[in-house]
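S.K.:
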Amino acid sequence: MDEHTRKRIIAFTSQSVKQYGIRAVRMDIIARHTNVSKRTIYQVFATKDNLINTCLEAYSGRMQNRFQLIAYNNPDPLACLWETCKAYIENLYKGECIFWLDIYRHYQGIYLAINQIWWDELKKSIAACQSTHRIQASLDTDIFLRSFTELLYNARLAECAPEMLHYAASLMLKGVIVPQAGSKLNQSKSIVS
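Using the numbering used here, the letters of the sequence shown correspond one by one to residues 1 to 193.
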């Protein structure tokens, strides 16, 4: 199988999983929509789980590229943190609720892996803000991130509008930003009011 076909299978599978959940995506559907025999897909990936893990690896690579782009475009640590938060929210809306429920209930390893990708990047951004005295040094980052990600995840499952999640995220961030950085941030309109 050539690399183009392999990427096409991964892209179709990733999109289907985000739309319908892992359990609903079947290898025969993937084969039919990618014009590749089911046998060939099994020869390359061996199992559906291997294909899903390959999709997760591709996702991780895309997110690392995205994080680099966010950091490059936002040299200010606080602006970088906010853009990463917005990207996290956007990511929640790229998958349908059925996807998030499916991986949370039946594929905890995948749910935790996706969460870890975002957790690590958000934690890194918070640490950069703390080192530049823009976020309270006493903040327990793990407790904050657990609350932050759980609130946004649950709001997504409740089918709240993305604007509500942005507003909730901005309020949580404003609660941990030091006053001097908060006024500077409001002036730059990096975080919505």
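Even for Gly, the Cβ is constructed at its ideal location relative to N, Cα and C.
1. Which residue or residues does DSSP assign as beta-bridge partners of ILE135?
2. Can THR5 and ILE52 be called in contact, C-beta distance under 9 angstroms?
3. Entirely within the region 134-164 and at least 4 residues each: give me those alpha helix (DSSP H) ranges in chain order.
4. Three or more beta-carbon pairs under 8 angstroms between the region 36-43 and the region 81-90, yes or no?
5. Is ILE126 closer than 9 angstroms to LEU112 when the C-beta atoms are compared?
6. To test your reading of the DSSP string, which unbroken alpha helix (DSSP H) runs of 4 or more residues are found completely within the region 46-117?
7. In whole angstroms, what separates the C-alpha of THR149 from that of LEU165?
8. Any idea what DSSP makes of ASP120, helix, strand or coil?
9. What would DSSP say about ILE10, mapped onto helix, strand or coil?
10. Using a 10 Å radius around the Cβ and a threshold of 16 neighbouring Cβ atoms, would you call ALA169 buried or exposed?
11. Going along the chain, which residues of its own chain have a beta-carbon closer than 8 angstroms to the beta-carbon of VAL192, five neighbours each way excluded?
12. Using a 10 Å radius around the Cβ and a threshold of 16 neighbouring Cβ atoms, would you call LEU152 buried or exposed?
13. Should PRO75 go down as buried or exposed, given a rule of 16 or more other Cβ atoms within 10 Å for buried?
M.R.: Reading it off the structure:
1. ILE177
2. no
3. 141-157
4. no
5. With contacts defined as CB atoms closer than 9 angstroms, LEU112 and ILE126 fail to qualify as a contacting pair.
6. 48-73, 77-94, 97-106
7. 11 angstroms
8. helix
9. helix
10. Burial call: buried.
11. Residue placement at VAL192 is flagged as unreliable, the pLDDT there being 45, under the threshold of 50; a coordinate-derived value is accordingly withheld.
12. buried
13. Around the C-beta of PRO75, fewer than 16 other C-beta atoms lie within 10 Å, and the residue is accordingly described as exposed.
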